[in-house]
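Read in order, the letters of the sequence shown are residues 1115 to 1304 in the working numbering. Following: one structure in structure tokens, then a few remarks.
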Amino acid sequence: MLEVGIAMLQGARHEHIFSIKEAARKLNINVNIRELRKSKDIHGIDALVLPGGESTAMKIASKNEDLLNSLWEVISNSNIPVLGTCAGAILLSQQGLISTPIVRNAFGRQKESFQSKIRIDYPHDDDFPGVFIRAPRFLEGSKNPIAWFGEEVVGVLEGKKMALTFHPELTNDYRFHEWLLNEAIEFKSQ
């Protein structure tokens, strides 16, 4: 059974839980979803989700239990697969866990949030329903792009760390969560 950890700091945590369950059902994989609230909850996870939300609030919310620092240590010292969406992508970039720089709220404020078809390169070239809510923006020179809104990079994959500026958990398309589970199987077998 795969142990998938979700940082329960803020944002669409429960939507990620639903998406992981649906991806697991589709792939016929048994998963246990572990809600990460304290650093002691991290031990033994096979994959990690850093959900969207407000990145500064997430940092503040985790200080008492030292959750984020413990997560950064695990991510830095292992090849654990990570899916960071929106604020989760911001946190990965701010910690230097992905090399692609990112700017918060670059697509605009809440009222400028939107949905649009985007192009993805995983698992093959295809369309995906992009949901952008106060979305960040990757700066020029994004390495290993895997998703585009027009010509703009909105998703990168660096090693086993996937950072997306949009919210796949708010759609009925579970391909990014399937990627996470497939990578978790490989990670667990090491």
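Don't be surprised by glycine CBs; every beta carbon is placed ideally from N, CA and C. Given the structure is predicted, the values throughout are model-derived calculations rather than measurements.
Point to revise | Coarse secondary structure for P1215, derived from DSSP in three states | key: coil
Practice item. Determine the extent of the alpha helix (DSSP H) in which N1296 is found, giving its start and end residues. Key: R1289 to K1302
Exercise for review: Would you kindly report the start and end of the unbroken beta strand (DSSP E) that includes N1146?
Suggested key: V1145 to L1150
Point to revise | Beta-carbon proximity list for V1270, same chain, < 6 angstroms, skipping 5 on both sides | key: T1214, S1256, N1258, P1259 and A1277
Check your understanding: Any contact of the segment 1154-1162 with the segment 1180-1188, i.e. 3+ C-beta pairs under 8 angstroms?
Key -> yes
Check your understanding: Would a C-beta distance cut-off of 8 angstroms place R1248 and S1227 closer than the cut-off?
Key -> yes
Check your understanding: In three-state terms, what does DSSP make of P1282?
Key -> helix
Exercise for review: Work out the CA separation of Q1209 and S1192 for me, nearest whole Å.
Suggested key: S1192 and Q1209 have their C-alpha atoms some 15 angstroms from each other.
Point to revise | CB-CB length for L1162 against I1194, believed under 8 angstroms | key: 6 angstroms
Check your understanding: Near E1129, which residues of its chain fall below 7 angstroms by C-beta distance, leaving aside the five closest residues on each side in sequence?
Key -> Spatial neighbours of E1129 in its own chain (CB-CB distance under 7 angstroms, excluding positions within 5 residues in sequence) are listed in chain order as E1283 and L1284.
Practice item. Tell me whether K1274 is buried or exposed, calling it buried when 16 or more other Cβ atoms sit within 10 Å of its Cβ. Key: That one is buried.
Review point. Can you round the beta-carbon distance between L1253 and L1206 to whole angstroms, since I take them to be within the 8 angstroms contact cut?
Key: About 14 angstroms separates the two Cβ atoms, so there is no contact after all.
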